[in-house]
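S.K.: In the working numbering, the protein residues as written are 9 to 516. Just so it is clear, CB atoms sit at the ideal spot from N, CA and C, and this is done for glycine as well. Computed from a prediction, not measured in an experiment: that's the story for all the values here.
In structure tokens form, the structure reads like this:
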């Protein structure tokens with residue numbers, strides 16, 4: 009019986025109704041943090057004020073305010089998104105109608121025909137609404153990205169701002185929508201331009217004079233005016249059930265909100281926000297406010313994860329998904345390792361197999377003072393402040409903990425034992441470089457063949473482009489040891505009709 013090792017990311021849980029990584033990020037910033045502040049307060053109150061440990065905190069720390077990430081951080085969220093995900097934003101705009109059509113098809117299942125509603129509201133056909141001849145970006149911003157203005161849906165939003173027989177609230181919502189899209193497009197292209205300028209202000213300069221190097225970051229973007237309005241809209245305003253709305257105008261407004269949410273789900277990046285605060289978790293005296301923001305954020309993330317699990321309990325227990333497929337895999341293979349970047353215990357609950365949590369879990373807690381990981385029961389009785397041990401989109405990770413290092417060594421050795429290594433639903437994002445590095449070592453040092461399950465519900469992507477994408481993400485020399493299986497919503501391999509686990513044998 010061949011030995012198989014498997015690794016799961018967030019994409020593996022979507023069959024169970026759980027959010028994608030992008031939805032996760034948005035939902036976290038929508039949460040009311042009052043409960044988490046109270047947990048934090050009670051934890052602080054347990055500390056012996058006469059102990060040496062109490063001296064690690066600032067004076068009178070019990071009397072100090074406890075702050076969370078709030079609206080003032082939105083600018084940093086936009087900044088992080090434009091800096092690291094600008095290519096995703098530009099690609100979304102270049103293929104705007106294609107992306108929006110997916111949302112339109114989803115709501116058609118509830119008998120909402122958005123094209124007809126636009127045409128009725130605007131009194132004209134969508135096919136005739138093309139602004140391409142009237143709007144063109146400045147060539148300095150790269151004139152190859154004018155596709156948005158040839159979009160029928162974007163043109164419809166523009167026309168809706170001018171339609172006379174609609175109310176002012178509707179017009180204002182359409183204006184907010186258009187402005188947000190333009191700000192994000194221009195901001196992303198502007199970010200590209202600024203990087204080009206800062207990287208090459210001088211075509212030539214002497215290496216011996218550093219005065220020229222000092223001028224290397226003179227240009228910057230005004231992030232406050234770049235997508236903030238749209239981010240506020242989708243985070244702060246309540247989501248409405250589009251199928252219960254009565255008027256066409258209300259439905260179009262909610263449809264536009266769904267588009268922005270779809271875009272931000274793909275592009276929202278809070279890594280820079282966390283990274284700028286994370287180090288203060290180890291030194292609360294230096295900046296108490298930033299320390300409290302990280303602590304409260306981690307409690308919020310854990311509560312959100314547990315709430316999602318509770319809400320989807322029946323789907324997870326009785327559902328049909330990748331974790332249930334493991335039961336079938338066990339009939340034909342010996343499972344020597346299961347790793348995950350996810351936080352819940354679903355795999356263990358469903359399969360009774362041991363799981364290695366490489367990004368922490370809802371059962372793990374972290375003592376930043378001692379740099380140690382403890383379980384939930386020990387955290388409850390600890391006289392130290394502990395925080396949920398969950399790696400999110402932060403690049404600074406407490407990997408120096410002995411217990412965490414042991415996890416990596418253990419699962420790496422188990423992966424080495426396997427005849428088959430399969431990765432499912434994992435995005436290989438840069439903030440997971442600690443995991444990417446492990447797979448890179450398996451490929452390049454151990455010459456292990458890796459099977460990647462790629463979610464492709466709309467049909468196969470060009471395999472060469474997909475291989476190149478994974479090559480870049482994993483930072484490997486070639487893809488000789490990678491096999492990609494593109495699967496649909498039923499987890500069947502596209503064009504073959506067989507389940508993903510029926511094709512685990514590596515054929516090169």
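1) Assuming the contact rule is C-beta atoms closer than 8 Å, residue 478 and residue 436 should be a hit. Round their C-beta distance to whole Å, please.
2) Under 8 Å by Cβ, that's how I've got residue 330 and residue 16 pegged, so tell me the actual separation to the nearest angstrom.
3) Taking the alpha-carbon of residue 92 as reference, which of 347, 195 and 323 has the nearest alpha-carbon?
4) Please list, in chain order, all residues of the same chain as residue 403 whose beta carbon is under 7 Å from its beta carbon, the five residues on each side excluded.
5) Please report the residue range of the beta strand (DSSP E) in which residue 374 lies.
6) Between the region 478-494 and the region 453-464, are three or more C-beta pairs nearer than 8 Å?
7) So residue 332 is in the beta strand (DSSP E); what residue range does that whole segment cover?
8) Among the candidates 454, 481, 468 and 425, whose CA atom is the shortest distance from the CA of residue 443?
9) Return helix, strand or coil for residue 403, following the three-state DSSP convention.
10) Let me know the alpha helix (DSSP H) ranges lying completely inside the region 27-81, each 4 residues or longer, listed in chain order.
11) Let me know if residue 412 comes out buried or exposed under the rule of 16 or more other beta-carbons within 10 Å of its beta-carbon.
12) Would you mind sorting residue 264 into buried or exposed? The rule is 16 or more other CB atoms within 10 Å of its CB.
13) Consult DSSP for residue 428 and reduce its assignment to one of helix, strand or coil.
14) Would you kindly work out how many angstroms separate the C-alpha atoms of residue 126 and residue 134, rounded to a whole number?
15) Quick check on the DSSP output: the alpha helix (DSSP H) that includes residue 126 runs from which residue to which?
16) Quick check on the burial criterion: 16 or more other C-beta atoms within 10 angstroms. Buried or exposed for residue 57?
17) Determine whether the beta carbon atoms of residue 69 and residue 301 lie at a separation below 8 Å.
18) Would you be able to state if there are at least three C-beta pairs under 8 Å between the region 31-43 and the region 266-280?
19) Take residue 345 as the anchor and find which of 353, 336 and 363 has the nearest alpha-carbon.
20) In the DSSP assignment, find the unbroken beta strand (DSSP E) run with residue 477 in it and report its ends.
21) By the 10 Å Cβ neighbour count, where 16 or more other Cβ atoms means buried, how is residue 465 classified, buried or exposed?
22) Using three-state DSSP, classify residue 383 as helix, strand or coil.
23) So what does DSSP say about residue 349, is it helix, strand or coil?
24) Assuming the contact rule is C-beta atoms closer than 8 Å, residue 25 and residue 434 should be a hit. Round their C-beta distance to whole Å, please.
25) Beta carbon of residue 540, beta carbon of residue 145: below 8 Å?
26) Given this structure, state the Cα-to-Cα distance separating residue 23 from residue 100, to the nearest angstrom.
27) Give every residue of the same chain whose Cβ lies closer than 7 Å to the Cβ of residue 166, excluding the five residues on either side of it in the sequence, and list them in chain order.
28) Cutting at 8 Å between CB atoms, please list the residues of its own chain near residue 483, excluding the five before and the five after it.
29) Taking the beta strand (DSSP E) that residue 166 belongs to, which residues open and close that run?
30) When you compare the CB positions of residue 55 and residue 393, do they come within less than 8 Å of one another, or not?
31) Since residue 495 is in the beta strand (DSSP E), which residue starts that stretch and which ends it?
32) Taking the Cβ atom as the reference point for each residue, do residue 366 and residue 415 lie within a distance shorter than 8 Å?
33) Tell me whether the beta-carbon of residue 353 lies closer than 8 Å to the beta-carbon of residue 369.
34) Using alpha carbons as the reference points, say which of 173, 170, 242 and 122 lies closest to residue 39.
35) Under the DSSP definition of a beta bridge, which residues are partnered with residue 13?
M.R.: A quick look at the data gives this:
1) 7 Å
2) About 7 Å; that satisfies the 8 Å criterion.
3) 195
4) Note that residue 403 has pLDDT 48, beneath the 50 cutoff, so the model's placement of it is unreliable and no number is given.
5) In the DSSP assignment, residue 374 falls within the beta strand (DSSP E) that extends over 368-375.
6) yes
7) Note, residue 332: premise wrong, no beta strand (DSSP E); alpha helix (DSSP H) at 330-340.
8) 481
9) Any answer about residue 403 is weak, because its pLDDT of 48 lies below 50 and its placement is not dependable; what the coordinates show is given next. The answer is coil: DSSP assigns residue 403 none of H, G, I, E or B.
10) Whole alpha helix (DSSP H) segments, 4+ residues: 29-36 and 42-53.
11) Buried, by the Cβ-count rule.
12) It is buried - the Cβ of residue 264 has at least 16 other Cβ atoms within 10 Å.
13) strand
14) 7 Å
15) 122-130
16) exposed
17) no
18) yes
19) Minimum Cα distance to residue 345 is reached at 363.
20) For residue 477, there is no enclosing beta strand (DSSP E); the enclosing alpha helix (DSSP H) has its first and last residue at 471-482.
21) exposed
22) Correct three-state label for residue 383: strand.
23) DSSP places residue 349 in coil when its eight states are reduced to three.
24) Incorrect: roughly 19 Å between the Cβ atoms, too far for contact.
25) No statement about residue 540 is possible, as the shown extent of the chain runs from 9 to 516 and does not include it.
26) 24 Å
27) 139 and 186
28) 444 and 448
29) Element bounds for residue 166: not the beta strand (DSSP E) but the alpha helix (DSSP H), 160-168.
30) yes
31) 490-495 is the span of the beta strand (DSSP E), which, as asked, contains residue 495.
32) yes
33) yes
34) 242
35) 345 and 429
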